[in-house]
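**Student:**
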Amino acid sequence: MEIKGSVALVTGGGNGIGEAVVKYLVKNGAKVAIVDMNQKNIDRVVADVKAMGGEAIGVMGNVTSEADTAKFIKAAVDAFGALNIVVASAGIIKDSMLLTLDKETGKVSRKMGLDKWQPVLDVNLTGTFLTLRDAAEAMVNGGFKGILVPISSVNKAGQVGQLNYSSTKVADALLPKIMVGEFLMRGIPNIRVVGIAPGYTATPMVAGMNQDALKAICADVHLGRLIEPEEIARAIGHAIENEAINATTLEVTGGLCYKGGIAK
Amino acid sequence: MKSFTYNDMDFTVEKVGNAWDIKNGNALVAAGLFAGVADADAEAKAVALVKTIFPVGVRVIGPDTVHPITVGDIKYFPPAVNHANFVYWNKDSSSQAKKL
Numbered sequence: 001m002e003i004k005g006s007v008a009l010v011t012g013g014g015n016g017i018g019e020a021v022v023k024y025l026v027k028n029g030a031k032v033a034i035v036d037m038n039q040k041n042i043d044r045v046v047a048d049v050k051a052m053g054g055e056a057i058g059v060m061g062n063v064t065s066e067a068d069t070a071k072f073i074k075a076a077v078d079a080f081g082a083l084n085i086v087v088a089s090a091g092i093i094k095d096s097m098l099l100t101l102d103k104e105t106g107k108v109s110r111k112m113g114l115d116k117w118q119p120v121l122d123v124n125l126t127g128t129f130l131t132l133r134d135a136a137e138a139m140v141n142g143g144f145k146g147i148l149v150p151i152s153s154v155n156k157a158g159q160v161g162q163l164n165y166s167s168t169k170v171a172d173a174l175l176p177k178i179m180v181g182e183f184l185m186r187g188i189p190n191i192r193v194v195g196i197a198p199g200y201t202a203t204p205m206v207a208g209m210n211q212d213a214l215k216a217i218c219a220d221v222h223l224g225r226l227i228e229p230e231e232i233a234r235a236i237g238h239a240i241e242n243e244a245i246n247a248t249t250l251e252v253t254g255g256l257c258y259k260g261g262i263a264k
Numbered sequence: 265m266k267s268f269t270y271n272d273m274d275f276t277v278e279k280v281g282n283a284w285d286i287k288n289g290n291a292l293v294a295a296g297l298f299a300g301v302a303d304a305d306a307e308a309k310a311v312a313l314v315k316t317i318f319p320v321g322v323r324v325i326g327p328d329t330v331h332p333i334t335v336g337d338i339k340y341f342p343p344a345v346n347h348a349n350f351v352y353w354n355k356d357s358s359s360q361a362k363k364l
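Going down the list, the protein sequences come from chains A and B. Residue 116 in the numbering used here sits at position 116 of the first sequence, with consecutive numbering throughout. Residue 291 in the numbering used here sits at position 27 of the second sequence, with consecutive numbering throughout.
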């Protein structure tokens, strides 16, 4: 599928990986709907797209709301007349251990609360489900050729301190297989689903981490550095253009390894 | 250029080259839309698009004010049902009565 002339929608498109994906797609000739929770970020990215000579709309939306997902899918189709590429990159982290023990008594002093668990599931899993479900509906009803891209993470392998986040990302990684299987059963040939599982990526959030912690992370990456958001965007671009890639989740990590050199 | 006020926001629809930009105040809502579409059609499409992106009418379920969850930095407080702008599901606010 060609990027040029396609209509794309990117959730979480106001910063980080989502913003890089928006700009990569615009640079390669796509029209883009930018969805985010932060109006200032939306305004900035739409202005950047205009400066690039591209076409874009900005829609503030909460991916956990059915009303909002319906709204931004409709806005994209109304603005551009089609919907071909949907990248569900909206995501959050709220890291916490399941249990914290009191050092003196050895008893549980704190446990992961629903305030850490539920929002992460809502945004990363339910939000991705709603976005891709409504996008698939628009693609089927409109007869648009398309690709759905859930964003997983290399931490789908299971990262301590991220019981919530890792649980959502392993589920997101599974979506392509189930969805494409169902599309085959239902006779829907025009929609592919390809997940992307980034490794540690140089988003403002990660790049701003403690530098010693960053060094320790990079020491486990064969490439020896963080992945750039643009490299994730290029991987998505390749998945869009190469139609043989389907019903799978691609890892883009630079070779992230466990201690001792076994690749994650 | 077409200007209109909708949902207490001031929008402009401006032709730039052969396409159209939509602004909400100074912020760009959309850039480069409806290239080649006749002016009147493009303006009508832009108004419709604004109404899709900024829908009027927010349905609030709850909030469950005794639940400990906060969403981001937002802490829910009970609605001020006596406020003039409070809208019940079945009647208008007293400050913004429906005009027919």
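Ideal placement from N, C-alpha and C gives every residue a C-beta, glycine not left out. Just so it is clear, the structure is predicted and the values come from calculations on it, not from any experiment.
Going along chain A in order, which residues have a C-beta closer than 7 Å to the C-beta of B:T316?
**Tutor:** For the purposes of this step, residue 316 of chain B is taken as the residue at position 52 of the second sequence. Residues of chain A passing the Cβ test: K71, K74, A75 and D78.
**Student:** Out of A:G5, A:K4, A:V49 and A:I85, point me to the one whose CA is closest to A:N190's CA.
**Tutor:** Residue numbering aside, residue 190 of chain A sits at position 190 when the first sequence is read from its first letter. When only C-alpha atoms are compared, the closest one is A:I85.
**Student:** What did DSSP end up calling A:Q162 once you bin it into helix, strand or coil?
**Tutor:** Along the first sequence, one-based indexing puts residue 162 of chain A at 162. Three-state DSSP puts A:Q162 in a strand.
**Student:** So what does A:I196 bridge to, in DSSP terms?
**Tutor:** In the first sequence, counting from the first residue as 1, residue 196 of chain A sits at position 196. Answer by DSSP bridge pairing, in chain order: A:I151 and A:L250.
**Student:** Within the 8 Å Cβ cut-off, does B:A306 reach chain A?
**Tutor:** To locate residue 306 of chain B, count along the second sequence from 1; it is residue 42. It does not; no Cβ of chain A falls within 8 Å.
**Student:** What is the DSSP secondary structure of A:R110, counted as helix, strand or coil?
**Tutor:** Sequence index remark: in the first sequence, residue 110 of chain A carries index 110 (1-based). Note: A:R110 maps to strand in three-state DSSP.
**Student:** Run through chain B and tell me which residues come within less than 8 Å of A:G54, C-beta to C-beta.
**Tutor:** Within the first sequence, the letter at position 54 stands for residue 54 of chain A. Correct list: A295 and G296.
**Student:** Is any beta-carbon of chain A found at less than 8 Å from that of B:A348?
**Tutor:** Taking the first residue of the second sequence as position 1, residue 348 of chain B is located at position 84. So no, B:A348 is outside the interface.
**Student:** Quick check on A:M205: buried or exposed, where buried means 16 or more other Cβ atoms within 10 Å of its Cβ?
**Tutor:** What you label residue 205 of chain A is simply residue 205 of the first sequence in a count that begins at 1. When all chains shown are included, A:M205 counts as exposed.
**Student:** So, at 7 Å on beta carbons, what are the nonlocal neighbours of A:N164 in its own chain, with the 5 sequence-adjacent residues on each side left out?
**Tutor:** Working through the first sequence from its first residue, we reach residue 164 of chain A at position 164. For A:N164, where only same-chain residues beyond five positions count, the Cβ hits under 7 Å are K94, K116, W117, V120 and L121.
**Student:** Whose CA, out of A:G61, A:G12, A:E19 and A:V45, lies closest to the CA of A:E230?
**Tutor:** The residue labelled residue 230 of chain A in the question sits at position 230 within the first sequence. When each option's Cα is compared against that of A:E230, the closest is A:E19.
**Student:** Work out the CA separation of A:K145 and A:E243 for me, nearest whole Å.
**Tutor:** As a working mapping, residue 243 of chain A is identified with position 243 in the first sequence. As a working mapping, residue 145 of chain A is identified with position 145 in the first sequence. Distance between the alpha carbons of A:E243 and A:K145 is about 11 Å.
**Student:** Kindly indicate which residue of B:D305, B:V277, B:T316 and B:F275 has the alpha-carbon position closest to the one of A:K71.
**Tutor:** One-based indexing of the first sequence puts residue 71 of chain A at position 71. For the residues B:D305, B:V277, B:T316 and B:F275, the minimum Cα distance to A:K71 belongs to B:T316.
**Student:** If we cut at 8 Å on Cβ distances, does A:V7 have a partner in chain B?
**Tutor:** In the first sequence, the residue the question calls residue 7 of chain A occupies position 7. False, the Cβ-Cβ gap to chain B never drops below 8 Å.
**Student:** Expressed to the nearest angstrom, what Euclidean distance is found between the alpha-carbon atoms of A:V45 and A:K103?
**Tutor:** Start at 1 with the first residue of the first sequence, and residue 45 of chain A comes out as number 45. Start at 1 with the first residue of the first sequence, and residue 103 of chain A comes out as number 103. Cα to Cα, the separation comes out at about 47 Å.
**Student:** Please confirm whether B:A312 has its beta-carbon closer than 8 Å to some beta-carbon of chain A.
**Tutor:** Translated into positions along the second sequence, residue 312 of chain B becomes position 48. Yes - at least one Cβ of chain A is within 8 Å of the one on B:A312.
**Student:** Can you give the beta carbon distance from A:V63 to A:V123, rounded, assuming they're within the 8 Å contact cut?
**Tutor:** For this step, residue 63 of chain A is matched to residue 63 along the first sequence. For this step, residue 123 of chain A is matched to residue 123 along the first sequence. About 6 Å separates the two Cβ atoms, so the contact holds.
**Student:** Which residues bound the alpha helix (DSSP H) around A:G142?
**Tutor:** By 1-based counting over the first sequence, the position of residue 142 of chain A is 142. Segment G127 to G142, the alpha helix (DSSP H) holding A:G142.
**Student:** Taking 8 Å as the cut-off, decide whether the C-beta atoms of A:A197 and A:K156 are in contact.
**Tutor:** Within the first sequence, residue 197 of chain A is the residue found at index 197, counting from 1. Within the first sequence, residue 156 of chain A is the residue found at index 156, counting from 1. Taking 8 Å as the cut-off, the beta carbon of A:A197 is found closer than this to the beta carbon of A:K156.
**Student:** Are the beta-carbon atoms belonging to B:V280 and B:K287 less than 8 Å from one another?
**Tutor:** In the second sequence, the residue the question calls residue 280 of chain B occupies position 16. In the second sequence, the residue the question calls residue 287 of chain B occupies position 23. In this structure, B:K287 does not lie closer than 8 Å to B:V280 by Cβ.
**Student:** Of the choices A:I262, A:G237 and A:M97, whose alpha-carbon is the least far from that of A:Q162?
**Tutor:** Locating residue 162 of chain A in the first sequence gives position 162, counting from the first residue. Here the closest residue by C-alpha is A:M97.
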